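For reference, the structure is listed below as structure tokens.
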């Protein structure tokens, strides 16, 4: 809804404060034996109490049936159309390991792979070699020279790395080199628009250099590149909403995404307790806080139902400390669902709570997918959540006379 | 949904009749002590009975989180995209006092204000002087001559007036003269497009004349103008839907808005009983009636919870008389919510009932935000209500073969 054409007319600065807690992978699905979801199984006295004093609903991150990555899931919650402002895979991979991209840089996701003597792919992921084996191989790629372009390579994990191309006139419209099938040869990168010819040439030059650099190896002796992308040009969140927004997130990807959209990224420690500590220290300095909670998603991705239940209970225990920061509006949202039964992200709608002085008495029985589905906010696109938060904070003028 | 591209193909004239009762500011919010909204607190035996025989839902006037003015709120209910067909502040202010605007006229909202000897603003609203003091001052502005443009000034209330500019070639793309801050000088109107240069010159000439005309006064000695706007070009509602629509509304603004979109505005008295009386007298002459009920909004704006409850109960008592008019479709809708807890318009979704011969047995338990949220119509944009009403009236052909 950042594209609402009169957004600049209706937003106004006020002293009120919004905290948006994003519980990564918040939504779940019923356990086949009990019929209860992770939220329904967990003991969540604080979140249940909060739900009774909140407007509740279910958000659709992108569209019904669409399973979002973390990028679109978060972009939507900050009010950005997640389709229009899609971040490329290379960029998101770079952000995820804390690589600071500059405007105009092109980032690509890289795989070490194994080719045979004829140059045909034997294994697109080089046996998913562990990081301690993959990292030294990736580091050998740092020596590759590409004329007119600065390259840097960054270890991600296992066989994965990020390639960053830096230089003048690098477009992002080009094909990757992964043929998506073993037995085929890696493809040549090809420009899809004239502005990306230099990028394609640089990518191919890098691949040739990699082949040469790794020719003495039996496995992990070649690379595949895909997801070429630049930092997107997105509206500045603070300017758009007339806010001074801050991000408190331990994981690099969320910090990087927040920086891209114009949030001040606050220094914080690795745990959620560290994040809460940072919140309390900085509460006077900003009027919007994005607070990220990761463990629910991680447990869901692992397909570990009870670990996800525990992660939610550990979050619940910290809700009073969040409330101690006395926000005028507290939003509890998720970027997407990660049901343990799916062992991954899913398309399921995501519970949402919005608590302000206006919501007392209007809440639902507890905090779960089912009860939020009965809430006064109904089903709504995640990209509408920011406007609702701003409305509750008194930060929106009336639209139209 | 007047923008549905096949609207002309699917609409058909029939003898069936639709009454759309618009309860201004219908939606509310829970009282913090009881947890019950105005609708839930009021005793509404007739509306509750109607709800049990109606399809029910909740409308979103503009977008989640967006608080609409009365203009967008009504435009949406008549099927007009409220963002695309936004009416200017000057136009709506003129309509609100019954000024008949012609195509091409430019209306602006005016304030009497107070400036010091140096011409700097001391009070942008001239102490909100009461109408009996402000009106004679505004009337002195009638003598101002602007070459090539006919001007007229119209008292609104207190320090407020409407300026209408009439002449050839008057655009509406210009800035207002209100600097929005005391201590600053009034600004000059400036054209934002070449077609509005003449309007800006005329506005500045009028302001100079006002300064001269009021120079003997200590206070209310200057004017500020803003919201320059012309009648919008909107599709004719009757032509679009193949209806003969009539408006029964006591308040000038709603009458003016109805006239702009092509409704026949029926003469009526100042009370809702007068409106019902008019409905019964004219029921044979039209096939669509917009009936406006104001008191719920007025009480909500005052922040008076029990007055809003009473206003709803008074409406409820008159529902049987509405049903006596035997409409084929009765719609009970609101242009926006006005919770007493917010003491103003709000973004909350608005209860909706649609009763026809097809809805008997399909209803909800009663007429409230919560129960309508459980209704068969779900959440829907207010701009969809007209199509649903037409469908229930048998006025829409099948779309597509």
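Chains as they are written, first to last, in our numbering: chain A, 141 to 541; chain B, 141 to 541.
Glycine included, C-beta positions come from ideal geometry on N, C-alpha and C.
Remember, it's a predicted structure, so these values are computed and weren't measured experimentally.
Residue closest to residue i, alpha-carbon to alpha-carbon, out of the options
i, options, result
"residue 183/B", "395/B, 507/B, 271/B", "507/B"
"residue 407/B", "374/B, 418/B, 399/B, 262/B", "418/B"
"residue 340/B", "175/B, 288/B, 479/B", "288/B"
"residue 268/B", "245/B, 286/B, 298/B, 280/B", "298/B"
"residue 399/A", "235/A, 328/A, 440/A", "235/A"
"residue 244/B", "358/B, 378/B, 290/B", "290/B"
"residue 309/A", "358/A, 523/A, 370/A", "370/A"
"residue 412/A", "247/A, 454/A, 218/A", "454/A"
"residue 487/B", "468/A, 484/A, 533/A, 270/A", "533/A"
"residue 478/B", "374/B, 443/B, 471/B, 463/B", "443/B"
"residue 190/B", "403/B, 313/B, 511/B, 283/B", "511/B"
Chain B within 8 Å of residue i, Cβ atoms only
i, result
"residue 196/A", "no"
"residue 519/A", "yes"
"residue 142/A", "no"
"residue 501/A", "yes"
"residue 434/A", "no"
"residue 159/A", "no"
"residue 375/A", "no"
"residue 540/A", "yes"
"residue 531/A", "yes"
"residue 145/A", "yes"
"residue 516/A", "yes"
"residue 187/A", "no"
For residue j and residue i, believed in contact at Cβ under 8 Å, the rounded distance
i, j, result
"residue 319/B", "residue 362/B", "Incorrect: roughly 12 Å between the Cβ atoms, too far for contact."
"residue 503/A", "residue 196/A", "6 Å"
"residue 214/A", "residue 414/A", "So it is not a contact: roughly 20 Å between Cβ atoms."
"residue 456/A", "residue 185/A", "7 Å"
"residue 434/A", "residue 390/A", "7 Å"
"residue 535/B", "residue 154/B", "5 Å"
"residue 491/A", "residue 519/A", "Between residue 519/A and residue 491/A the Cβ distance is about 11 Å, and since that is not below 8 Å, they are no contact."
CB contact check: residue i to chain A, cutoff 8 Å
i, result
"residue 167/B", "no"
"residue 226/B", "yes"
"residue 229/B", "yes"
"residue 299/B", "no"
"residue 509/B", "yes"
"residue 202/B", "yes"
"residue 237/B", "no"
"residue 378/B", "no"
"residue 135/B", "Because chain B spans 141 through 541 in this model, residue 135/B falls outside it and cannot be assessed."
"residue 171/B", "yes"
"residue 364/B", "no"
"residue 481/B", "yes"
"residue 232/B", "yes"
"residue 174/B", "yes"
Terminal residues of the beta strand (DSSP E) in which residue i lies
i, result
"residue 430/B", "428 to 433"
"residue 363/B", "362 to 369"
"residue 151/B", "Note, residue 151/B: premise wrong, no beta strand (DSSP E); not H, not E."
"residue 200/B", "195 to 200"
"residue 386/B", "385 to 388"
Per-residue DSSP class, three states only, for residue i
i, result
"residue 521/A", "strand"
"residue 475/A", "coil"
"residue 295/A", "strand"
"residue 158/A", "strand"
"residue 256/B", "coil"
"residue 511/B", "helix"
"residue 242/A", "coil"
"residue 270/A", "coil"
"residue 396/B", "helix"
"residue 300/B", "strand"
"residue 450/A", "helix"
Terminal residues of the alpha helix (DSSP H) in which residue i lies
i, result
"residue 377/B", "377 to 381"
"residue 186/A", "185 to 192"
"residue 468/A", "Premise fails: residue 468/A is in no alpha helix (DSSP H) and is neither H nor E."
"residue 263/B", "Element bounds for residue 263/B: not the alpha helix (DSSP H) but the beta strand (DSSP E), 261 to 263."
"residue 495/B", "Unbroken run through residue 495/B is the beta strand (DSSP E), 490 to 495; no alpha helix (DSSP H)."
"residue 289/A", "No alpha helix (DSSP H) contains residue 289/A, which DSSP labels as neither H nor E."
"residue 215/A", "210 to 217"
"residue 348/B", "337 to 353"
"residue 422/B", "412 to 422"
Proximal chain C residues relative to residue i, where beta-carbon distance stays under 8 Å
i, result
"residue 536/A", "No chain C is present in this structure, whose protein chains are A and B."
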